Every structure is written in structure tokens, then in C-alpha cells.
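K.L.:
The opening position of the sequence shown corresponds to residue 0 in numbering that gives the first Met the number 0, with each subsequent residue numbered one higher. C-beta: ideal position from N, C-alpha, C; glycine also. Please read all numbers here as calculations on a predicted model, not as lab measurements. Here you go, one structure.
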Amino acid sequence: MPQDASKPTGSRPEPQPPIAAIRADAADRAVLRRLLRGMPPDTGIGFVVVQAPNPRHPALTAELIGAFTTLQVVAAGDGLPVAANRIHVVAPDTAATIVGGHLQLSASSPLGASTTGIDRFFSSLADDRRGLAIGVLLSDACIAEAQGIARIKARGGLLVAQAGTRPAEFADQVSAVEEIPAALLRHLTRPTPPAVEGRLAGLLEQTLLARFTPAALLIDARYRILHRHGPVADYLGPSVEPPEDDLLGRLPEDYRERLRAVLDRALVEGIPASATVCRMGPGTRGCAVQVTATPLIEVGQPDLVLVTFADVAAPQETERHCRATLERLERHFDSTPVAALEWSPEARILGWSPAAERIFGWRKAEVLGRPLEALDLIDETDRPAVAATIAALLAGSDACGKILTRNRRKDGGAIWCEWHNSVLRDTAGRPVSVLSLAMDVTERQTLEANLRRQAARLAEADRRKDEFLSMLGHELRNPLAPMRHALEVAGLRRDDPPTTQWALQIIDRQTRHLGRLVDDLLDVARITRGAIQLRCEPIDLAAIARETLESAGPMIRARGHRLEDALPMSPLPMRGDATRLTQIIANLLHNASKYTDEGGTIRIALVADGGQARLTIEDDGRGIEPDALPFIFDAFRQGRGSATPPEGGLGVGLTLVKRLVELHAGTVAAESAGRGRGSRFVVTLPLGQEPAAAVPATEIPTDAAAGAKKHVLIVDDNPEILDASRRLLVALGHTVSTAGSGLEALELVRRSPPDVVLLDIGLDDIDGIEVARRLAELPQRPMIRVVALSGYPPNETRRERGLFDDYLLKPAGMKALQGILS
């Protein structure tokens with residue numbers, strides 16, 4: 000209903016908004032959607048959609064139009080005021096006019112003269128709003144309302160037509176439908192002359208003229224100048240003075256005729272008219288000027304006209320500059336990798352850049368006008384943080400609104416985006432729209448996550464390295480303590496043979512233990528570097544298992560364990576390295592014994608199963624903690640998750656098992672029901688080739704009489720090793736020479752060629768490989784057996800290939816030396 004006209008005394012009436020009549024039929028639905036989706040929510044314009052019946056299409060309704068605009072949409076009601084930023088939809092079977100800013104509705108005539116009704120609405124709008132009346136013409140059907148359209152133009156209103164339609168011929172502005180909102184805003188922001196009420200008194204108010212126009216004339220029906228305001232001479236030439244001067248009589252003919260047409264239209268037809276002419280003033284001739292003649296109407300025909308002058312060159316240049324700037328910005332937005340989204344405070348999407356299409360997969364036409372939440376862009380876990388950031392941004396407590404979130408694309412793909420948000424506010428500080436810039440940082444996040452995982456792995460490796468070094472020092476000291484004590488006891492009782500024999504046994508056992516520790520370390524290092532090589536040949540896995548169990552059995556029984564075996568007597572042929580397979584079985588048996596308390600049971604079984612051998616070693620001992628089970632085969636992890644391991648060791652035994660099994664194309668798995676419930680290790684190996692025929696074992700000589708005596712040259716830069724090795728070989732009955740450097744060794748070989756050279760690889764002056772290379776150039780070389788001594792295995796370097804006749808790994812024991820020399 001119309002608002003109550005009664006207001007408190009002295010109160011100022013509310014300013015009435017411009018009103019835009021949108022002429023659209025149901026068939027124009029798509030065009031209307033494109034128009035309203037680009038319409039800002041705060042133009043200050045009241046909109047009225049008028050339509051004619053179309054039997055082939057359903058009518059446009061408030062609910063239908065509201066689906067594609069952020070503006071408020073209501074059905075038109077009789078007496079309802081046309082409010083700013085609201086769309087009023089007039090039904091096609093309703094005749095409407097507008098009076099005092101309020102809609103007046105009635106039923107259409109039975110003849111359905113819809114175009115006449117729309118024409119009447121346009122005419123009433125022109126009379127009610129005059130310069131604030133706007134006609135938006137979207138189709139060729141608007142030609143039928145020519146009288147009302149002409150009246151809007153005559154009353155100083157604005158006609159905007161869609162490009163490519165027939166109304167474009169007489170419209171004030173012609174634009175693509177998406178550009179019409181911008182055209183309306185430009186029109187409303189242009190200064191307009193004041194509505195002058197009264198005949199002469201209002202026109203002579205200098206303050207109004209000075210405010211709204213730089214120069215103006217008041218003329219009568221005979222073109223006489225009644226009043227002059229501002230620098231009129233800048234536009235018309237020499238100064239003009241009222242009231243005698245005839246405006247037309249003092250102008251050039253071409254200028255005069257163009258201005259006469261404008262004045263006659265205002266004087267005779269009673270409607271505003273304008274034309275663009277050139278300046279006539281000194282120094283400004285040729286510049287474009289818009290001359291507007293506005294009739295001052297009381298009732299009936301006009302008798303006075305206000306003529307105003309306004310420069311158009313500067314505004315046109317400004318408009319061109321702004322348009323060029325906008326085009327450049329659009330091109331930048333089109334090519335930037337950063338997605339740009341503009342959305343209203345109600346979270347409806349107003350803008351969507353090409354980069355946003357590329358990053359999120361949604362096309363611009365699919366998202367404009369839709370709520371942000373409908374796209375489901377933000378991952379569920381990040382929504383609370385995003386809501387808090389946006390709330391702070393709109394409230395003004397956060398000026399940047401930067402946030403990192405997980406996002407979803409239209410195709411369901413997950414990406415990471417870094418968002419930077421800013422708010423555009425009106426003069427009152429209210430949010431108008433939000434600009435969100437989003438950069439795809441998925442690759443960066445993946446890299447950072449990988450770096451964090453790598454840093455965690457390195458930290459864990461560093462921690463385990465520190466633990467291992469501490470454990471290594473402990474384990475190396477363990478055998479050194481009894482050896483040191485045995486030497487001290489033997490020194491105190493030199494004449495006591497049983498004590499000496501006991502000391503020698505202690506030293507022998509602990510030396511062997513140290514050797515096993517070092518061998519395990521070297522094996523792990525070689526396997527990790529891929530330097531170990533298997534010496535594969537046809538073997539009997541069952542025989543190897545029986546032999547290993549026979550060797551380990553006494554140690555297991557000595558610890559009070561029951562040993563149960565289910566090893567087959569028939570052969571299980573496969574191709575493998577017998578030494579390494581023995582090492583696998585021995586390590587698993589030793590591990591079971593180590594973690595089984597006295598009186599516990601250890602079981603070993605071996606069966607053939609579908610082309611594979613399955614070796615099982617289980618115990619009823621301390622078991623494995625669930626959190627330790629996934630890492631049980633990692634190097635330097637000692638124990639099974641208990642705080643205090645039951646026995647020493649370097650924690651590499653199971654690592655060796657796993658790597659050696661894998662080198663044999665097999666697998667190994669650990670199982671345990673938990674702490675105190677035992678453990679079970681299962682090894683599977685591929686079966687295949689028949690084992691080689693058994694070869695009788697060769698007895699290694701154990702005394703000095705075995706084999707011929709040799710002349711041996713020992714080359715080492717460690718004096719104690721040199722002296723100890725010399726004493727051992729002399730004790731075995733050989734003639735021994737020694738050299739502490741490579742050059743000295745070469746000189747001794749030239750003077751007195753030996754039978755055997757035991758050559759250390761790591762010499763101070765020239766290394767053992769270079770010594771062997773120079774020995775190969777001597778004529779005596781074919782008669783000399785050159786044996787390399789090193790802490791590195793022979794397959795870790797290729798440089799010595801062909802230079803040595805044999806290779807001994809330090810420390811070389813007596814049996815190994817006897818085997819070389821025999």
C-alpha cells in the first residue's frame with residue numbers, strides 16, 4: 000500500500016529513487032538473466048519488469064527472477080511504492096501506471112491490449128520521474144511502445160537498448176546486455192541540471208546554476224537572452240549581454256541552424272532537446288560542447304527555455320581512459336594464474352575470473368549469482384576456520400583475510416589454495432563486495448609435506464645413529480673387559496699352565512665375538528650399498544638347515560632351552576649361497592634363544608609348499624610389542640620393544656636376515672601375539688635346481704709340518720700387526736721378511752723374491768694396489784703368490800682385478816693363513 004502521506008511538521012520527504020522499466024517477455028528469460036546477474040545490489044534504482052502475455056512461454060514471476068539475481072524481487076502490488084534496489088514484477092494480465100512513485104494496478108482489457116498497457120506505463124513513468132525515468136529495451140517487441148518510449152526521452156529520461164535490436168535506432172545508449180548495468184551507473188553519476196520550479200525566479204538562482212553548470216542562458220520564444228550565467232563567451236564567442244542580444248543572430252549559419260533546431264523542439268514540443276556543437280570561444284574553437292535546451296513549463300506550451308553548455312571532450316576522454324584501463328585490467332586478470340572471485344556480503348558470486356575457471360573447474364556462467372557454499376569449494380575440515388576469517392574480515396577486525404585451505408574442484412579433485420581477501424565498503428562503512436584472490440599451492444604443500452616427512456626421517460635416523468654409536472661402544476667394551484682381565488691374570492700367574500690356558504680360551508672366545516660384531520657391521524654396510532654378491536650354486540636347503548642346527552644346538556641347550564625340530568631328511572634342492580643361508584638360519588636361531596627365558600622352547604621346521612621352501616622358527620619367549628613389530632627388521636633396532644634388552648648385540652641380525660633372504664628372491668615375516676606370548680619368523684625361498692654332488696671335506700693342516708715351508712714377505716704399515724704376523728708364521732715354520740711401506744716391499748722383492756707376499760691394501764706411501772701393479776711388471780711375478788689383506792671385501796673395488804692371486808679379510812686367523820700357504 001502507498002506510504003502514509005502524513006509526516007511530522009518540518010520533516011524532509013524521503014528522496015525518491017530513479018525507476019527503470021525493463022520491457023521483457025517470457026521469451027526474453029535468458030537475456031533478462033544475463034542482465035540481472037551483472038546488476039550490482041546497490042545501484043539505488045527501483046526496477047519494474049513489465050511484460051506482455053506470450054502463450055508459448057510461461058510468464059515471468061518473482062520466484063523465477065529471484066533465482067538469478069541478488070536483488071530483492073517482489074510481485075507488483077497496487078499502491079506499493081517502488082523501492083530502490085528492488086525488482087517489482089508486473090503480471091502480463093495486469094495494466095500498470097506509476098503515480099508519485101507508487102504502482103497503480105488494474106486488470107487488462109478483455110481484448111488483451113498488452114502493448115497499449117505497457118505503452119501507457121512508460122508514459123506515466125516519464126511524467127512521474129522525468130529525468131529519473133529509465134527505459135531498458137531488450138527485444139524488437141519494444142517498438143510497439145513507441146509513444147511511451149518517446150515520452151521518456153522527451154522528459155529527459157534515459158533509453159538503453161540491447162545491441163542488435165530495433166530499439167537501438169533511437170536509444171540514448173546501446174550496449175551488450177552484460178554492459179547495461181554499467182551504463183545505468185554512468186548515467187546516474189553524471190551531473191544533471193536542477194529541476195527549476197517557477198518561471199523566472201528559480202532560473203535566476205545563481206547558486207543552483209553555479210552548482211550544476213558552468214555556463215547557461217535564459218531565452219524567450221523569440222530567442223532573446225533574458226539572463227546570462229557563467230562564462231558563456233567561452234562557448235559562443237564575444238560576450239553577450241541581456242536582454243537585447245539575439246542569440247541566433249550572432250552565430251555562424253551552421254551553428255545557428257543546429258542550435259535553432261534544439262531551441263524549437265524545446266519551445267514548440269515542450270520537451271528537452273540537446274545537440275553537440277563546437278566551441279566558438281577564443282583558444283577553444285573546435286572543442287566539442289553539448290548544448291541542452293530545457294523548457295520551463297507551467298501549464299501547456301513553454302515560453303521560456305534554459306540553455307546550458309557542457310564540455311564533452313574531457314568526459315569522453317576520461318571515459319575512454321577508464322574503459323582502456325578496465326580492458327587492461329581484464330586482460331591481466333585473464334592471464335594471471337591467480338583466481339579472482341568477487342562476492343556479495345550475502346556470499347553470492349558476482350565475479351569469476353578465467354583463472355578461477357582453470358583452478359576450480361567451474362565456468363563463469365555456472366557460478367554467477369549462486370551462493371558460494373553451493374559450490375562446496377572448501378573442504379569440510381577447514382570450514383570453521385574459513386567462517387571465522389570471513390566474519391573477522393566483514394567486521395573490519397582483519398584487513399587481509401589471508402588463509403590456507405584445502406579445496407575441492409568441480410570434478411572432485413582436492414587442491415590446496417592460499418586465499419587473500421579484501422572488502423570494498425561504501426561511504427558509511429558497510430561492505431559492498433569482497434574480492435578473494437586464490438593461488439593454487441598444491442605443489443608447494445606437497446613439497447613441504449615431503450620435506451617435513453624427510454626431516455622427521457632424518458631426525459629419527461640421527462637419533463638411531465646416536466643410539467647405535469652408544470650401543471656399539473658398549474658392545475665393543477664387553478669383550479675387551481674379559482680379555483683385559485685374562486691378560487692381567489695370566490701376567491700374575493705366568494708359571495701356572497692352567498691359568499694360562501684359561502686366559503687363552505677367554506681371549507680366543509672374545510676375539511671371535513669381536514670378529515662376528517665387525518663382520519655383521521660390514522655385511523649390513525655392503526648389503527645397504529648393494530656391494531654384496533651371492534655365490535650361488537645348486538644346494539640342498541634341508542642339509543644346510545640340519546648342519547646349522549647341529550652347530551647352534553649346543554649353544555641353545557646350554558641356555559636351558561628345549562629344542563624341537565621338524566627338518567626333512569629328504570633333500571630340498573634350490574640355487575643359493577650356502578654360507579649366507581647358514582647365516583640366515585643361525586641368526587634366527589640365535590635371536591630366538593636370546594629372547595627366550597630359561598626353560599623355554601624353540602621350534603624349527605622346514606617344508607616344501609608349491610615350489611617354495613617354508614622355514615619356520617618360533618619360540619614361546621618374550622614376544623614382540625605391537626608397536627615394534629613393523630620395525631623389527633630395521634637396522635640398529637635392538638630388542639623387541641622392551642625397555643631393557645636381555646642380551647647384548649648391535650641390532651643388525653634381523654636386518655641381515657631380511658636383506659639376505661631378499662637377495663635369494665625370498666621373503667621373511669615376523670609374527671607375535673604381543674609381549675610375553677612368543678614370536679614366529681617365517682622364511683620362504685624358491686626351490687629349484689638339483690644340489691651339487693657332495694665333495695669330501697679337505698683337512699686343513701694344523702701344524703708346522705703340513706705342507707712345504709715358504710719364504711713369506713709381510714707388508715703392513717702397523718708395526719704391531721707386522722710383528723704379531725711374523726711371530727705366527729715363524730711359529731708355523733716359515734721364513735718371514737717384513738716391510739713397513741710399499742716402496743720398501745718392492746725393493747725387498749727385487750733383492751730376494753719371496754714365495755708369498757701378504758700385502759696390506761691401505762699403506763701410507765703407495766697403496767697395496769699400486770704395489771701389486773708394480774709387482775706385475777717384474778719378471779719374477781709369475782713365481783710369486785700375491786695375497787691381499789684388507790678390511791674391505793674383494794668385491795668392493797674393481798681396481799684389483801687380476802693383480803692378486805687371493806684375498807684375505809682382516810683379521811686373518813691361523814687356519815686362513817695355513818690354507819693360503821699350504
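CB residue 829 to CB residue 56, shorter than 7 angstroms?
P.N.:
Only positions 0 to 821 of the chain appear in the structure, and residue 829 is not among them; the question remains open.
K.L.:
Which residues bound the beta strand (DSSP E) around residue 808?
P.N.:
Residue numbering aside, residue 808 sits at position 809 when the sequence shown is read from its first letter. Counting along the chain, the beta strand (DSSP E) containing residue 808 begins and ends at 805-808.
K.L.:
DSSP three-state label for residue 501, please.
P.N.:
The residue labelled residue 501 in the question sits at position 502 within the sequence shown. Of the three classes helix, strand and coil, the one that applies to residue 501 here is helix, per DSSP.
K.L.:
What are the boundary residues of the beta strand (DSSP E) that residue 350 is part of?
P.N.:
Taking the first residue of the sequence shown as position 1, residue 350 is located at position 351. Residue 350 -> beta strand (DSSP E) spans 348-351.
K.L.:
Nearest to residue 125 by alpha carbon, out of 75, 20, 216?
P.N.:
Counting from 1 along the sequence shown, the entry for residue 125 is found at position 126. Of the listed residues, the one whose Cα sits closest to residue 125 is 20.
K.L.:
Please go through the segment 60-125 and give each complete alpha helix (DSSP H) segment of 4 or more residues, from N-terminal end onward.
P.N.:
61-65
K.L.:
Taking 7 angstroms as the cut-off, decide whether the C-beta atoms of residue 570 and residue 541 are in contact.
P.N.:
What you label residue 570 is simply residue 571 of the sequence shown in a count that begins at 1. What you label residue 541 is simply residue 542 of the sequence shown in a count that begins at 1. Contact: yes.
K.L.:
Can you tell me which of 436, 720, 396 puts its alpha carbon nearest to the alpha carbon of residue 404?
P.N.:
Residue 404 sits at position 405 when you count from the first residue of the sequence shown. Nearest of 436, 720, 396 to residue 404, Cα basis: 436.
K.L.:
Below 8 angstroms on the Cβ atoms is my contact criterion, and I expect residue 43 with residue 187 to pass it. Report the Cβ-Cβ distance as a whole number of Å.
P.N.:
Taking the first residue of the sequence shown as position 1, residue 43 is located at position 44. Taking the first residue of the sequence shown as position 1, residue 187 is located at position 188. Going by Cβ atoms, the distance from residue 43 to residue 187 rounds to 7 angstroms, so yes, they are a contact pair.
K.L.:
Determine the contact status of residue 622 and residue 673, defining contact as a CB-CB distance below 7 angstroms.
P.N.:
Translated into the one-based positions of the sequence shown, residue 622 becomes position 623. Translated into the one-based positions of the sequence shown, residue 673 becomes position 674. Yes, they are a contact pair.
K.L.:
Using the three-state DSSP reduction, which class does residue 812 fall into: helix, strand or coil?
P.N.:
For the purposes of this step, residue 812 is taken as residue 813 along the sequence shown, with counting starting at 1. Note: residue 812 maps to coil in three-state DSSP.
K.L.:
Starting from residue 414, follow the beta strand (DSSP E) in both directions and report where the run begins and ends.
P.N.:
Here residue 414 refers to the residue found at position 415 when the sequence shown is read from its first residue. Per DSSP, residue 414 belongs to the beta strand (DSSP E) from 413-424.
K.L.:
Assuming residue 252 is part of the alpha helix (DSSP H), what are its boundary residues?
P.N.:
By one-based count along the sequence shown, residue 252 stands at place 253. 252-263 is the extent of the alpha helix (DSSP H) around residue 252.
K.L.:
Which of helix, strand or coil does DSSP assign to residue 327?
P.N.:
Stepping through the sequence shown from its first residue, residue 327 is reached at position 328. In the structure shown, residue 327 sits in a helix (DSSP, three-state: H, G or I).
K.L.:
Going by DSSP, which residues form a beta bridge with residue 787?
P.N.:
Within the sequence shown, residue 787 is the residue found at index 788, counting from 1. In the DSSP assignment, the residues bridged to residue 787 are 758, 806.
K.L.:
Identify, in the order they occur along the chain, each residue of the same chain with its Cβ nearer than 6 angstroms to the Cβ of residue 393, setting aside the five sequence neighbours on each side.
P.N.:
Counted from its first residue, the sequence shown places residue 393 at position 394. The answer, listed in chain order, is 430.
K.L.:
Would you list the one or two residues that DSSP bridges to residue 801?
P.N.:
Locating residue 801 in the sequence shown gives position 802, counting from the first residue. For residue 801, which the question treats as bridged, DSSP gives no partner whatsoever.
K.L.:
Going by DSSP, which residues form a beta bridge with residue 134?
P.N.:
The residue labelled residue 134 in the question sits at position 135 within the sequence shown. Partner(s): 20, 158.
K.L.:
Do you know whose CA, among 505, 616, 708, lies nearest residue 583's CA?
P.N.:
Translated into the one-based positions of the sequence shown, residue 583 becomes position 584. Comparing Cα-Cα distances from residue 583 to each of 505, 616, 708, the minimum goes to 616.
K.L.:
Checking the sheet assignment: what are the DSSP bridge partners for residue 611?
P.N.:
Here residue 611 refers to the residue found at position 612 of the sequence shown. Residue 611 is bridged to 608, 685.
K.L.:
From 45, 686, 154, 228, pick the residue whose C-alpha is nearest to that of residue 575; which is it?
P.N.:
Residue 575 sits at position 576 when you count from the first residue of the sequence shown. Comparing Cα-Cα distances from residue 575 to each of 45, 686, 154, 228, the minimum goes to 686.
K.L.:
Who are the Cβ neighbours of residue 782 in its own chain at under 7 angstroms, not counting the five residues just before and after it?
P.N.:
The count along the sequence shown starts at 1 and reaches residue 782 at position 783. The residues are 752.
K.L.:
DSSP puts residue 562 in a beta bridge; with which residues?
P.N.:
What you label residue 562 is simply residue 563 of the sequence shown in a count that begins at 1. Beta-bridge pairing by DSSP links residue 562 to 601.
K.L.:
Check whether the segment 757-765 and the segment 734-746 are in contact - that is, three or more C-beta pairs closer than 8 angstroms.
P.N.:
yes
K.L.:
Skipping 5 residues on each side, what residues in its chain have a beta carbon closer than 7 angstroms to that of residue 179?
P.N.:
For the purposes of this step, residue 179 is taken as residue 180 along the sequence shown, with counting starting at 1. Closer than 7 angstroms at Cβ, skipping near neighbours: 34, 135, 159.
K.L.:
Buried or exposed for residue 610, going by 16 or more other Cβ atoms inside 10 Å?
P.N.:
Numbered from 1 along the sequence shown, position 611 holds the residue referred to as residue 610. Exposed is the call here.
K.L.:
Give me whichever residues DSSP pairs with residue 370 in a beta bridge.
P.N.:
In the sequence shown, residue 370 corresponds to position 371, counting from 1. Answer by DSSP bridge pairing, in chain order: 347.
K.L.:
Could you tell me if residue 629 is buried or exposed, where buried requires 16 or more neighbouring beta carbons within 10 angstroms of its beta carbon?
P.N.:
Here the question's residue 629 lines up with position 630 in the sequence shown. By the Cβ-count criterion, residue 629 is exposed, with fewer than 16 other Cβ atoms from all chains shown falling within 10 Å of its own Cβ.
K.L.:
Give me, in chain order, the residues of the same chain whose beta-carbon lies closer than 7 angstroms to that of residue 747; leave out the 5 immediate sequence neighbours on both sides.
P.N.:
Taking the first residue of the sequence shown as position 1, residue 747 is located at position 748. Result list for residue 747: 712, 736, 738, in chain order.
K.L.:
In three-state terms, what does DSSP make of residue 878?
P.N.:
Here the chain comprises residues numbered 0 to 821, so residue 878 is not present and cannot be evaluated.
K.L.:
Identify, in the order they occur along the chain, each residue of the same chain with its Cβ nearer than 6 angstroms to the Cβ of residue 790, setting aside the five sequence neighbours on each side.
P.N.:
Mapped onto the sequence shown, residue 790 falls at position 791. Contacts found: 809.
K.L.:
Quick one: what's got a C-beta closer than 6 angstroms to residue 167's C-beta in the same chain, skipping five residues either side?
P.N.:
For the purposes of this step, residue 167 is taken as the residue at position 168 of the sequence shown. Counting only Cβ-Cβ distances below 6 angstroms, and skipping sequence neighbours, we find 160, 173.
K.L.:
What is the residue span of the beta strand (DSSP E) that residue 228 lies within?
P.N.:
For the purposes of this step, residue 228 is identified with residue 229 of the sequence shown, where counting begins at 1. Looking at the DSSP string, the run of the beta strand (DSSP E) that includes residue 228 is 224-228.
K.L.:
Could you give the DSSP three-state label for residue 582: helix, strand or coil?
P.N.:
On the sequence shown, position 583 is the one that residue 582 refers to. Residue 582 falls in the helix class under three-state DSSP.
K.L.:
Helix, strand or coil, according to DSSP, for residue 291 in the structure here?
P.N.:
Position 292 of the sequence shown, counting from 1, holds the residue named residue 291. DSSP places residue 291 in strand when its eight states are reduced to three.
K.L.:
Does DSSP classify residue 595 as helix, strand or coil?
P.N.:
For this step, residue 595 is matched to residue 596 along the sequence shown. Of the three classes helix, strand and coil, the one that applies to residue 595 here is coil, per DSSP.
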